[in-house]
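Data block below; observations after.
Residue numbers (our numbering): -9 to 320.
Now the structure itself:
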């Protein structure tokens, strides 16, 4: 009976909290109204033990038994208050997220902030709707702890975490208190690169060679610009420059020989391939072009990105691939 009641309470609070409601943006305080508490399995066993002690004390008129029963009951009540306070008034704030490729594990940073004078112990965090490994943290008074939760990804687009559940059984484990949080965090998931994809399309239609614009003939060096590939840095010249006399980073500059630029065009891929496979192939080509420091243009539907290379250029192309045909985050 007690186990059934405890399970009903857990299910009721879990469904009462909105799963698709407004997200909690910014810093969120776990107020008293957001904390739920019920006896744990150990707590239910402790209640049964108290009942046996009480019945035995009544039947045999044991004064010492009454004293022991009420002393144990007092300890349980103190534990209930301590468990509740161990979670209440903590503050939650989402941390950084980094894009991943489909099939990889997305990571969500969670900052648990304790601005009270009471230290918190054995606070566990996990996704409520996903059997993730639980992370346990101790938060001293006036400090914070950072917890990284993981979530597998299967498809491109935006991956939003499920509800985050914070729980604790500290100090005696007779009660379990928990609270839910829906962070407004999203991770961008890129398409998974195609395995065994053909090489870069360095040959144009009709068998004419396609030459990469801006990467044919060395024309000297120029000042470094944000987004330039590290492979194009003029490291020898940089080593000779003295920062004390105004030296700065420089990049090798190339001039094309009049050939066509390398264009990664979605519409040029075979129509027999489905959309996701074409996106996966373009993803592979973007990564291959970057690894070879080849400037490339990128065409995907209405997205037209001029020839370039570097981290910013790659990120823009991969973002377009991830969100192709998908609406942006709310």
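Note that CB positions come from ideal geometry on N, CA and C, so glycine has one too.
Leaving out the 5 sequence neighbours to the left and right, which residues in its chain are closer than 8 Å to residue i when beta-carbon positions are compared?
{"i": "residue 92", "result": "143, 144, 145, 146, 179, 180, 181 and 182"}
{"i": "residue 52", "result": "46"}
{"i": "residue 65", "result": "162"}
{"i": "residue 295", "result": "287, 288, 289, 303, 306, 307 and 310"}
{"i": "residue 257", "result": "289"}
{"i": "residue 252", "result": "190, 191, 192, 200, 202, 203, 279, 284, 285, 286, 287 and 297"}
{"i": "residue 273", "result": "91, 180, 181, 182, 183, 184, 308 and 311"}
Considering only the alpha carbon of each residue, which of the options lies closest to residue i?
{"i": "residue 40", "options": "25, 30 and 60", "result": "60"}
{"i": "residue 160", "options": "257, 72, 286 and 44", "result": "72"}
{"i": "residue 150", "options": "257, 171, 156 and 25", "result": "171"}
{"i": "residue 23", "options": "276, 168 and 173", "result": "168"}
{"i": "residue 297", "options": "309, 280 and 291", "result": "280"}
{"i": "residue 82", "options": "21, 124 and 28", "result": "21"}
{"i": "residue 57", "options": "43, 67 and 188", "result": "43"}
{"i": "residue 290", "options": "310, 284, 300 and 274", "result": "310"}
{"i": "residue 90", "options": "37, 84, 115 and 176", "result": "176"}
{"i": "residue 84", "options": "50, 293 and 16", "result": "16"}
{"i": "residue 63", "options": "282, 87 and 34", "result": "34"}
{"i": "residue 105", "options": "192, 98, 79 and 267", "result": "79"}
{"i": "residue 312", "options": "299, 292, 270 and 97", "result": "270"}
{"i": "residue 314", "options": "282, 276, 265 and 19", "result": "265"}
{"i": "residue 98", "options": "50, 49 and 154", "result": "154"}
{"i": "residue 87", "options": "185, 275 and 137", "result": "137"}
{"i": "residue 268", "options": "187, 316, 67 and 115", "result": "187"}
{"i": "residue 18", "options": "292, 67, 50 and 100", "result": "100"}
{"i": "residue 184", "options": "117, 133 and 263", "result": "263"}
Near residue i, which residues of its chain fall below 6 Å by C-beta distance, leaving aside the five closest residues on each side in sequence?
{"i": "residue 76", "result": "110, 158 and 160"}
{"i": "residue 135", "result": "102, 127 and 129"}
{"i": "residue 119", "result": "152"}
{"i": "residue 195", "result": "At residue 195 the pLDDT is 42, less than 50, meaning the model places this residue with poor confidence; the figure from the coordinates comes in the next sentence. So no residue of the chain qualifies."}
{"i": "residue 96", "result": "90, 141, 143, 149 and 177"}
{"i": "residue 275", "result": "190 and 254"}
{"i": "residue 293", "result": "310"}
For residue i, which residues from the same chain have a beta carbon less than 7 Å from its beta carbon, with the 5 sequence-adjacent residues on both sides left out?
{"i": "residue 32", "result": "163 and 164"}
{"i": "residue 55", "result": "43, 46 and 47"}
{"i": "residue 74", "result": "25, 27 and 167"}
{"i": "residue 29", "result": "-4, 37, 164 and 165"}
{"i": "residue 131", "result": "104, 106, 107, 108 and 109"}
{"i": "residue 316", "result": "147"}
{"i": "residue 50", "result": "none"}
{"i": "residue 94", "result": "143"}
How close, in whole Å, do the beta carbons of residue i and residue j come, if the pair is a contact with beta carbons under 8 Å?
{"i": "residue 113", "j": "residue 103", "result": "Not a contact, Cβ separation roughly 11 Å."}
{"i": "residue 190", "j": "residue 278", "result": "6 Å"}
{"i": "residue 125", "j": "residue 139", "result": "7 Å"}
{"i": "residue 173", "j": "residue 69", "result": "Actually they are not in contact, since the Cβ atoms of residue 173 and residue 69 sit about 30 Å apart, beyond 8 Å."}
{"i": "residue 156", "j": "residue 115", "result": "5 Å"}
Considering only DSSP beta bridges, list what residue i is partnered with.
{"i": "residue 299", "result": "Beta-bridge pairing links residue 299 to no other residue."}
{"i": "residue 60", "result": "DSSP output for residue 60 lists no bridge partner at all."}
{"i": "residue 83", "result": "101"}
{"i": "residue 158", "result": "167"}
{"i": "residue 68", "result": "Bridge partners of residue 68: none, in fact."}
{"i": "residue 239", "result": "BP columns for residue 239 are empty, so no partner."}
{"i": "residue 91", "result": "180"}
Alpha helix (DSSP H) runs contained entirely in the stretch 96 to 148, provided each spans 4 or more residues = none
At 3 residues or longer, and completely inside the stretch 8 to 52: list those beta strand (DSSP E) runs for me, N to C.
-> Listed in chain order, they are 26 to 29.
Mind pulling the beta strand (DSSP E) runs of 3 or more residues that sit fully within the stretch 162 to 197?
-> 165 to 171 and 177 to 180
At 4 residues or longer, and completely inside the stretch 261 to 305: list those alpha helix (DSSP H) runs for me, N to C.
-> 265 to 281
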